[in-house]
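What follows is a single structure, written as structure tokens, with notes after it.
There are 2 protein chains.
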Amino acid sequence: MKTKFVTVGIRVKDLPTSIRFYTQLLNMKIVGRGKLKETRGEWVELTSENTGFTLELNYYEKNSPYYVEYQLGEALDHLTFKVDDLDKAFEEAKLSGYPMIDEHKSGTSRWVYVEDPNGI
Amino acid sequence: MKTKFVTVGIRVKDLPTSIRFYTQLLNMKIVGRGKLKETRGEWVELTSENTGFTLELNYYEKNSPYYVEYQLGEALDHLTFKVDDLDKAFEEAKLSGYPMIDEHKSGTSRWVYVEDPNGI
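Read top to bottom, the protein sequences are chains A and B.
Sequential numbering of the first sequence, starting at 0, is according to numbering that gives the first Met the number 0.
Sequential numbering of the second sequence, starting at 0, is according to numbering that gives the first Met the number 0.
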């Protein structure tokens with residue numbers, strides 16, 4: 000089938016903390032939000048640089064049929080954000096309380112890993 | 000900091016099965032792949048409709064320092080793929096062995112959920 004990959008939805012433990020992380024530190028913009036009565040869930044949709052692809056933060060109330068105690072698990076390995084100045088970026092992350100937890104280099108590429116408020 | 004959200008990386012239990020699911024059923028294209036000696040990891044990068052955003056399949060050998068027994072967890076709620084004909088799409092998924100596990104409607108939108116080979 001023909002498909003267009005448009006969104007990744009992550010579960011968040013707490014919406015305000017995650018919104019701050021993705022909008023204030025990573026500079027994403029909120030492009031939508033809402034609540035679904037049937038799931039007792041709340042979602043916030045974010046994008047960066049108008050690529051069209053969105054990150055959706057999903058939060059379920061404790062009385063939601065979709066609520067389960069948050070376990071990080073392995074399904075989500077990482078989310079990648081390109082930055083112009085990596086050293087400056089992880090210094091800024093560190094000052095915001097999100098220190099570098101891992102680093103890789105390969106050829107001319109460098110990756111620095113920080114954990115979001117959900118342990119991602 | 001200015002960022003561009005470019006990739007979501009998921010952990011897969013088995014590369015060939017996941018590659019088949021994302022390329023044959025969801026029609027994504029492989030745009031890169033490689034192995035990292037230092038992590039004993041293998042990755043395959045996929046895209047759909049040249050949006051620039053990629054899905055990265057990450058596989059770690061059992062002797063990799065990053066290997067852990069796969070637990071699905073809650074961090075990754077869902078990946079969203081837009082299709083032209085939803086009924087046809089989930090019939091095709093069902094025939095490929097991936098039946099619908101949930102469904103939602105809201106306004107003029109409809110979502111059908113299927114599980115990938117990793118339980119995502």
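Just so you know, even glycine gets a beta-carbon here, dropped at the ideal spot from N, CA and C.
Practice prompt. Kindly indicate which residue of A:His77, A:Phe4, A:Leu78, A:Phe20 has the alpha-carbon position closest to the one of serine 95 of chain A.
Written response: Measuring from the Cα of serine 95 of chain A, the nearest candidate turns out to be A:Phe20.
Item to complete: Could you check the C-alpha separation between threonine 6 of chain B and histidine 103 of chain A for me, to the nearest Å?
Response: One alpha carbon belongs to threonine 6 of chain B, the other to histidine 103 of chain A, and they sit about 16 Å apart.
Worksheet entry | aspartate 86 of chain B to methionine 0 of chain A span [Cα, whole Å] | Approximately 11 Å, taken between the alpha carbons.
Discussion item. Please return the same chain residues whose Cβ sits closer than 8 Å to the Cβ of threonine 16 of chain A, not counting the five positions on each side in sequence.
Written reply: Answer for threonine 16 of chain A: Pro116, listed in chain order.
Practice prompt. Output yes or no for whether 8 Å exceeds the beta carbon distance between tyrosine 14 of chain A and tyrosine 58 of chain A.
Written response: Residue identity differs from the one stated: residue 14 of chain A is leucine in this sequence, not tyrosine. Cβ atoms of leucine 14 of chain A and tyrosine 58 of chain A: closer than 8 Å.
Worksheet item: So which of B:Phe52, B:Asp76, B:Pro98, B:Glu37 has the shortest CA-CA distance to glycine 31 of chain B?
Response: Per the Cα distances, B:Phe52.
Worksheet entry | Heavy atom of the ligand MN within 7 Å of glutamate 102 of chain A beta-carbon | Looking for the ligand MN in the displayed structure turns up nothing, as the structure carries no ligands at all.
Practice prompt. Could you please give the first and the last residue of the uninterrupted alpha helix (DSSP H) stretch that includes phenylalanine 89 of chain A?
Written response: Taken as a continuous stretch (DSSP letters only), the alpha helix (DSSP H) holding phenylalanine 89 of chain A covers 85-94.
Worksheet item: For asparagine 62 of chain A, which residues of its own chain have a beta-carbon under 7 Å away from its beta-carbon, when the five flanking residues on both sides are left out?
Response: Excluding residues within five positions, the ones whose Cβ falls inside 7 Å are Arg39.
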